[in-house]
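The structure under discussion appears below in the form of structure tokens.
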Amino acid sequence: MGFTYKFAKLLELRESEKENQALVYEKAVQRFKEVAEKLYELLKKKEDLESYQHEKIRTGIQVHEIRFHQKYLMNLQKEIDHYQNLVIQARHHMQFEEKRLMDKNIEVKKFEKLKDKEYEKYLRERIVEETKVMDEICTQIVVREK
20 MGFTYKFAKL LELRESEKEN QALVYEKAVQ RFKEVAEKLY ELLKKKEDLE
70 SYQHEKIRTG IQVHEIRFHQ KYLMNLQKEI DHYQNLVIQA RHHMQFEEKR
120 LMDKNIEVKK FEKLKDKEYE KYLRERIVEE TKVMDEICTQ IVVREK
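Position 141 of the sequence shown, counting from 1, maps to 160 under the working numbering, and the rest follow consecutively.
In structure tokens form, the structure reads like this:
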């Protein structure tokens, strides 16, 4: 008789849940990266525009161009603020999914530990059974020789 783990189906289910959660976590990480990259691009764009505007102010610029740049900067800042909020939300979501993944990992580890302990118990029982059989065989051999 071979070793069968009584919670094998449950372990498979937990492993499947862990794999699914890993995919959800990866999607959350990807979303965070995308939003963070967009925020970075907007901040870089703002920095470049401010540098350009400062250079133009030094060399000379018309008032309507300054107004246009200021209006554009205000709109850009609104977009930056929006993406900062999205980054915060994406980070929280990513951290939440990471916590859930860690919990799933812990559950799987518990079942694997139980499986290992049951297997060790099974091996000890097999050794005891084999020892009994060997003792019985030895006893029969001694009885036959007498």
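In this text, a Cβ means the ideal position worked out from N, Cα and C, and glycines have one as well.
From the options, residue whose alpha carbon lies closest to that of residue i
i	options	result
Tyr91	Glu149, Gln114, Val54, Leu61	Leu61
Ile85	Glu69, Leu95, Ile99, Asp100	Glu69
Glu21	Ile156, Lys128, Glu144	One detail in the question is off: residue 21 reads as Gly in this sequence, not Glu. When each option's Cα is compared against that of Gly21, the closest is Glu144.
Lys57	Leu105, Lys165, Ile125	Leu105
Asn124	Glu34, Ala27, Tyr24, Lys97	Glu34
Ala10	Leu95, Val82, Lys132, Met93	No statement about residue 10 is possible, as the shown extent of the chain runs from 20 to 165 and does not include it.
Supposed close pair residue i, residue j - CB separation, criterion 8 Å
i	j	result
Glu116	Tyr59	So it is not a contact: roughly 22 Å between Cβ atoms.
Lys65	Ile99	7 Å
Val127	Lys37	5 Å
Gln72	His88	5 Å
Tyr24	Lys134	5 Å
Beta-carbon contacts of residue i that lie in its chain and below 8 Å, excluding the five residues immediately before and after
i	result
Leu29	Phe130
Leu95	Leu61, Lys64, Lys65, Leu68
Gln103	Leu58
Residues of its chain near residue i, where Cβ-Cβ distance is below 7 Å and the 5 sequence neighbours each way are ignored
i	result
Tyr138	Phe22
Ala55	Val106
Contact test: residue i Cβ vs the ligand FMN heavy atom, cutoff 6 Å
i	result
Phe51	The ligand FMN is absent from the structure shown, which contains no ligands of any kind.
Cβ-based neighbour list, residue i, same chain, cut-off 6 Å, excluding 5 preceding and 5 following
i	result
Tyr2	Not covered by the structure: residue 2. The range shown for the chain is 20 to 165.
inquiry  = Any contact between the region 104 to 122 and the region 46 to 60? By contact I mean 3 or more CB pairs, one from each, below 8 Å.
reply    = yes
query = How do the region 29 to 47 and the region 118 to 131 stand: do at least 3 beta-carbon pairs fall below 8 Å, yes or no?
reply = yes
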